[in-house]
Amino acid sequence: MIKVRFAPSPTGFLHVGGARTALYNWLFARKNKGVFLLRIEDTDRTRYVPNSVEDIMESLKWLGLSWDEGPVFQSQRTEIYRKLAHKLVEEGKAYKCFCSPERLKALREEQRKMGLKPGYDRKCRNLTEDEVKELEKQGKKYVIRLKVPLSGETTFYDEIHGKITVKNTELEDIILLKSDGYPTYHLANVIDDHMMGITHVMRADEWIPSTPYHIILYRAFGFEPPRFAHLPVILAPSGKGKLSKRHGATSVREFKKLGILPEALINYLALLGWSPGNDIEIMSLDEMVNLFDLKKIGKRGSVFDYKKLYWMNAVYIRKKSDDELFKLALPYFKESGLVKNKETEDLLRKIIPLFKERIKTLSEFPPFSEYFFKDDFPYEEKGIRKYFKSEEVFTLLDSIKEELAKLQNFNVDGIEQVIRGFAEKNDIKPSKIIHPIRVALTGKTIGPGLFELMEVLGKEKVIQRLSEIKEKIKIE
Ligand code: GLU
């Protein structure tokens, strides 16, 4: 049976790169009717960030990526790692190293000066049993290092990158167990993947250099290694370097706050490195499961394109029913203070259809529509400069206001008739009057259809705003 895992370290909020790794593992498990395990690799206490475990789990759930097993916490398994590390020492496949941090620092310094690759010089690899006993008697602290073969090569097959071979002389005797008795990533990772029956390891390709060590470790233990698939890195929008905070939101939590829908984020992430072919872009999780194929994952890094994500989010927003969108938007309106009671809630319901086709994220919805909820909204300077060049505009707005005041049925059709009729009567293009009305009523140059928004705004507010525009603009 196929079994995969997502094995994040709790060193921060779930990054989109991690989310994509989780997604590919999840898809692979579902596709093959296998098992998806969540393992928290929390043995490095110095890098632990509080709340990150909670964030990782919440974010995965929000994205719809539930796990079948776990979460397993490595910090609760340290005894297992310790025992197995010592077993390797007994079998002569690993050794105790008593070199002090000061010695290692001096060594690195020396290597740097001489232009050599930094690495441990294997000083303790050949200590005799008596020497080891003596040092232990003195109470010297030690780490356990892996005895990497001194010659030959280590090869593994990667499902995405093909055959990868390194010369063993390029490798060093890495630490397996630290002096505080905690395992390193390498040790705990290999033991767990074996003990938990992981058949396929899918992880970021930054782990490729670690994999030869893992292969050597699997052999040392006499374990069968799993299969590996290293996923392409996610690049910054410029294509240069990894995606990082400098470029904008990077964690799932931040995208949620921006009002990206989980379906959209998942769909976008799926395509970062995998292409299902046939120009397929918009896919539900079920469709992804059907189409997912390890062979179609690329080697090269994929650029994170915020614009494309926002476009995709807009597609998913449009797919929502008015009621669903209302529920999704409500928290953003409450947070912005625009919706605070039954009346404003009802107003939000009314404007949903006006904005559904126009918003890209949920967080931009409140500022984009605030003029429905309050009268003291800002006026775009550019709109004023463009449409209020002369006094004539105010005269026109004044006259149209009079006409609108006479309108009995203040609905889209009635409003449209009045405005178009007015333009015709005065021999002006409708746009000449439509743009300034929009600015006067909303403060903005773009937004929903003018007649629709006027109907929802209501006669009273429309008349009031048209009457006050001259004053308002002057005051600004
Ligand atoms: N704990 C590692 C990480 O945070 C896991 C790497 C792996 O999947 O082996 O990326």
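Under the numbering used here, the sequence shown has 1354 at position 73, and the numbering climbs by one with no breaks. Ideal placement from N, C-alpha and C gives every residue a C-beta, glycine not left out.
- In this structure, the straight-line span from the alpha carbon of glutamate 1662 to that of lysine 1670 is close to 12 angstroms.
- DSSP places arginine 1639 outside both helix and strand once states are collapsed to three, so it counts as coil.
- Per DSSP, aspartate 1560 is not a residue of any alpha helix (DSSP H), being assigned neither H nor E.
- Per DSSP, the beta bridge partners of phenylalanine 1509 are Asp1439 and Val1482.
- Comparing alpha-carbon positions, the option among Ala1501, Phe1649 and Val1429 lying closest to proline 1659 turns out to be Phe1649.
- Where valine 1285 is concerned, the enclosing beta strand (DSSP E) starts and stops at 1284-1287.
- Distance from the C-beta of alanine 1288 to the nearest heavy atom of the ligand GLU is below 7 angstroms.
- Alanine 1375 carries a strand assignment under DSSP once its states are collapsed to helix, strand and coil.
- At a cut-off of 7 angstroms, the beta-carbon of tryptophan 1488 counts as near the ligand GLU: some heavy atom of the ligand is closer than that.
- Not one heavy atom of the ligand GLU lies closer than 7 angstroms to the C-beta of asparagine 1449.
- Close CB contacts of lysine 1753 within its chain, under the 6 angstroms cut and outside five residues either way in sequence, are absent.
- Look at the beta carbons and you see the region 1473-1488 not touching the region 1393-1406: under three pairs across the two are nearer than 8 angstroms.
- Measuring C-alpha to C-alpha distances from proline 1464 to each of Ser1644, Val1353, Lys1364 and Pro1506 identifies Lys1364 as the nearest.
- Tyrosine 1362 is not a Cβ neighbour of leucine 1512, given a cutoff of 8 angstroms.
- With a threshold of 7 angstroms, the Cβ atom of glutamate 1322 counts as near the ligand GLU, since some heavy atom of the ligand is closer than that.
- In this model, glycine 1558 and glycine 1618 are separated by some 45 angstroms (Cα to Cα).
- In the DSSP annotation of this structure, the continuous segment of the beta strand (DSSP E) that includes isoleucine 1425 starts and ends at 1424-1427.
- Residue state for phenylalanine 1614 is assigned as helix, using DSSP reduced to three classes.
- Isoleucine 1681 and arginine 1630 have their C-alpha atoms some 29 angstroms from each other.
- About 5 angstroms separates the beta carbon of phenylalanine 1379 from that of lysine 1421, a gap short enough to meet the 8 angstroms contact definition.
- Rounded to the nearest angstrom, the gap between the Cα atoms of arginine 1639 and leucine 1590 is 15 angstroms.
- According to the DSSP assignment, isoleucine 1455 belongs to no alpha helix (DSSP H), since it is labelled neither H nor E.
- Residue pairing of proline 1464 in beta bridges, as defined by DSSP: Leu1458.
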